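Protein chains in written order, with this note's numbering: chain U, 623 to 842; chain V, 623 to 842. Report on the following structure.
Number of protein chains: 2
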Amino acid sequence: MSVAIENFVKTIYKNDTNDSNDTKPGNIAKKLGISNAAATDMAKKLASRNLLQYEKYQALQLTDEGTKMALNVIRKHRLWEALLFKLFDMSLHEIHREAELLEHETSNFLADRISEYLGNPKFDPHGDPIPNANGEITTIDTSIALSNTQEGKTYIISRLMSDDKEFFDFCALNGLKYGNSIIVTKQFNKNKMTQITINNNNIILNEDFTNIIYVNETNY
Amino acid sequence: MSVAIENFVKTIYKNDTNDSNDTKPGNIAKKLGISNAAATDMAKKLASRNLLQYEKYQALQLTDEGTKMALNVIRKHRLWEALLFKLFDMSLHEIHREAELLEHETSNFLADRISEYLGNPKFDPHGDPIPNANGEITTIDTSIALSNTQEGKTYIISRLMSDDKEFFDFCALNGLKYGNSIIVTKQFNKNKMTQITINNNNIILNEDFTNIIYVNETNY
DNA sequence: AATTAAATTTAAGTAAGCTTAAATATTTTT
DNA sequence: AAAAATATTTAAGCTTACTTAAATTTAATT
Ligand SMILES: [Mn+2]
Ligand SMILES: [Mn+2]
Ligand SMILES: [Mn+2]
Ligand SMILES: [Mn+2]
């Protein structure tokens with residue numbers, strides 16, 4: 623499959639699982655940086671190849687085959703991120719940038735070698751789950767957005783759902799890293815802002831950030 | 623630059639440095655598996671971009687810029703081969719197959735990280751020299767083809783110049799590996815066949831093989 | 001409910017990288 | 001040196017993945 627097709631189904635999949643907006647050609651176009659017309663064309667083509675269902679003016683829906691393809695690409699993306707992070711200690715932004723390209727030129731064989739080498743990890747360095755070789759995500763995600771946490775409790779950072787360099791730079795600067803521990807000290811304005819304590823620093827985050835930082839409760 | 627262009631200049635470079643046939647569009651077409659017409663078109667386009675010199679019916683000649691691009695792609699190819707070989711113990715054929723794709727989707731930044739991680743190696747697992755970040759091959763190659771060796775002498779395998787699975791499988795089976803030691807026990811029929819001893823086995827190789835296996839003399 | 005705004009689709013066109021077939025030039029053989 | 005064989009180039013056309021502009025449909029506003 624071509625790079626264009628792989629990125630297209632992947633973007634649909636991620637829009638469906640992570641975002642609230644509907645999965646119409648226009649929204650996919652925006653994310654891919656192409657015109658609406660191009661996205662509509664592509665949607666029709668992929669429908670004829672049984673990768674998705676397309677009905678005029680309706681949201682796009684991946685078929686099982688399309689979902690499988692998306693998960694296969696996502697698997698490769700996240701395995702690359704895990705490998706580059708481990709070997710070269712590159713930043714979250716850098717590993718994402720490289721993985722975005724490498725994911726399309728990686729055989730299933732090589733993906734399996736990478737996975738094996740890393741001990742078949744279930745999560746990438748962002749905390750995103752890595753689909754297995756059958757295109758299944760077996761892990762149950764119990765994490766919640768920071769905006770939904772409770773004052774006074776301690777949490778472990780489980781996911782940083784972003785592709786944005788600025789965000790990652792901010793995270794790196796403040797110790798906001800997959801696996802690190804934080805205390806939620808205050809929720810402001812109906813959870814539109816959240817104060818946390820990490821490494822003895824107090825940080826106030828607005829909803830742009832608290833909606834994409836996911837955490838798990840701890841027992842302490 | 624596109625994959626097509628990178629493979630094109632790389633193929634010209636390799637034809638110039640490794641092969642005896644002239645570097646006309648037809649020969650490049652054959653190696654790339656495209657039509658002569660396509661190769662001629664591409665040659666004209668690359669000439670207009672100052673990557674090579676094109677004159678009707680003449681051999682193609684890379685400009686400095688074209689050569690630099692070729693060496694940059696070759697650097698990435700060989701770094702990938704070295705990394706995959708080291709990490710995953712893949713065969714020479716497998717690492718080549720993957721590198722052929724990955725080489726086009728690798729930033730200079732990532733190439734430098736790979737090189738660094740490997741200790742800036744000067745050779746890949748085939749024994750081919752790895753250009754440095756400036757696109758220079760600093761290593762002086764003193765190796766000779768097995769067909770040009772002398773009876774009774776001991777040599778170290780320095781290069782296996784092939785992309786062929788069958789050849790690599792044969793090599794792997796018989797211990798013909800970069801760095802291994804062999805004794806040339808006999809040269810037959812004006813060096814069209816060569817008998818060597820390796821791991822106490824005698825093997826007779828014909829010129830298909832002795833022309834692509836390179837070795838260095840030892841002092842013993 | 002009608003009007004306006006926004007999103008989606010259709011239509012027409014482009015560039016890259018190929019193809020095959022025909023025309024032309026070069027190389028080899030006689 | 002001519003003829004035949006081979007290689008190269010030109011010409012015409014195809015597919016993929018895009019573009020912009022116009023037409024149409026849907027959604028939002030009054
Ligand atoms: Mn990523
Ligand atoms: Mn991608
Ligand atoms: Mn190789
Ligand atoms: Mn290649």
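Where is the CB? At the ideal position from N, CA and C, for every residue including glycine. Fair warning: this is a prediction, and the values are worked out from it, not measured in the lab.
Pick from the options that is closest to residue i, judged by C-alpha positions
i, options, result
"glutamate 722 of chain V", "V:Asp711, V:Phe710, V:Asn813, V:Leu706", "V:Leu706"
"methionine 691 of chain U", "U:Ala669, U:Tyr635, U:Asp734, U:Lys652", "U:Tyr635"
"aspartate 734 of chain V", "V:Thr645, V:Leu701, V:Tyr800", "V:Leu701"
"phenylalanine 831 of chain V", "V:Glu687, V:Glu727, V:Ser657, V:Ile766", "V:Ile766"
"methionine 783 of chain U", "U:Ala651, U:Gly655, U:Pro751", "U:Pro751"
"glutamine 745 of chain U", "U:Arg697, U:Asp711, U:Val806", "A small correction: the amino acid at residue 745 of chain U is phenylalanine; glutamine does not occupy that position in the sequence shown. Here the closest residue by C-alpha is U:Arg697."
"leucine 732 of chain V", "U:Ser729, U:Met712, U:Ser803, U:Pro743", "U:Met712"
"asparagine 756 of chain U", "U:Asp686, U:Ser657, U:Leu724, U:Ile825", "U:Asp686"
"valine 695 of chain U", "U:Thr662, U:Arg781, U:Arg719, U:His726", "U:His726"
"tyrosine 679 of chain V", "V:Pro753, V:Thr760, V:Lys646", "V:Lys646"
"methionine 815 of chain V", "V:Tyr739, V:Gln683, V:Asn637, V:Gln772", "V:Gln772"
"isoleucine 717 of chain U", "U:His699, U:Lys812, U:Tyr800", "U:His699"
"proline 747 of chain V", "V:Val806, V:Ile804, V:Asp785", "V:Asp785"
"methionine 623 of chain U", "U:Ala681, U:Thr776, U:Glu839, U:Ser729", "U:Ser729"
"asparagine 811 of chain U", "U:Asn796, U:Arg781, U:Asn770, U:Asn658", "U:Asn770"
"aspartate 738 of chain V", "U:Asn828, U:Leu709, U:Lys666, U:Ile762", "According to the sequence displayed, residue 738 of chain V carries glutamate and not aspartate. Considering only alpha carbons, the answer is U:Leu709."
"isoleucine 834 of chain U", "U:Asn823, U:Tyr800, U:Asn841, U:Thr807", "U:Tyr800"
"asparagine 637 of chain V", "V:Val837, V:Leu684, V:Phe792, V:Thr764", "V:Leu684"
"leucine 693 of chain U", "U:Ala704, U:Gly741, U:Ser657, U:Lys632", "U:Lys632"
"leucine 724 of chain V", "V:Glu703, V:Ile804, V:Leu740", "V:Glu703"
"serine 797 of chain U", "U:Asn823, U:Asn813, U:Thr807", "Residue identity check: residue 797 of chain U is glycine in the sequence provided, not serine. The residue with the shortest Cα to Cα distance from glycine 797 of chain U is U:Asn823."
"aspartate 763 of chain V", "V:Ala626, V:Ile627, V:Thr639, V:Asn629", "V:Thr639"
Run of the alpha helix (DSSP H) containing residue i, from where it starts to where it stops
i, result
"threonine 776 of chain V", "From DSSP, threonine 776 of chain V is part of no alpha helix (DSSP H) but of the beta strand (DSSP E) over 776-782."
"serine 670 of chain U", "658-670"
"asparagine 637 of chain U", "625-640"
"isoleucine 736 of chain U", "730-739"
"histidine 718 of chain U", "714-724"
"aspartate 746 of chain V", "Looking at the DSSP string, aspartate 746 of chain V is not in any alpha helix (DSSP H), and its letter there is neither H nor E."
"threonine 644 of chain U", "Looking at the sequence provided, one finds aspartate at residue 644 of chain U rather than threonine. Where aspartate 644 of chain U is concerned, there is no enclosing alpha helix (DSSP H), given that its DSSP letter is neither H nor E."
"aspartate 791 of chain U", "787-796"
Check: residue i C-beta below 6 Å from any heavy atom of ligand 2
i, result
"glutamate 725 of chain U", "yes"
"glutamate 773 of chain U", "no"
Residue range of the unbroken beta strand (DSSP E) whose run includes residue i
i, result
"serine 803 of chain U", "803-810"
"tyrosine 836 of chain V", "835-839"
"leucine 827 of chain U", "823-828"
"threonine 689 of chain U", "Where threonine 689 of chain U is concerned, there is no enclosing beta strand (DSSP E), although the alpha helix (DSSP H) it sits in stretches over 686-710."
"isoleucine 818 of chain U", "815-820"
beta-carbon residue i near ligand 4 non-hydrogen atom, thresh 6 Å
i, result
"lysine 722 of chain V", "Lysine is not the amino acid found at residue 722 of chain V; the sequence shown has glutamate there. Because some heavy atom of ligand 4 lies under 6 Å away, the Cβ of glutamate 722 of chain V counts as near it: yes."
"asparagine 629 of chain V", "yes"
Under 7 Å by beta carbon: chain V residues contacting residue i
i, result
"leucine 622 of chain U", "One cannot answer for residue 622 of chain U here, as it falls past the ends of chain U, which runs 623 to 842."
Residue i CB to nearest heavy atom of ligand 3 below 6 Å
i, result
"histidine 718 of chain U", "no"
Using a beta-carbon distance cut-off of less than 8 Å, what residues from the segment 710-721 of chain U approach chain V?
Phe710, Met712, Glu716, Arg719, Glu720
Contact residues within the segment 733-762 of chain U, judged by C-beta distance below 9 Å to chain V
Arg735, Ile736, Glu738, Tyr739
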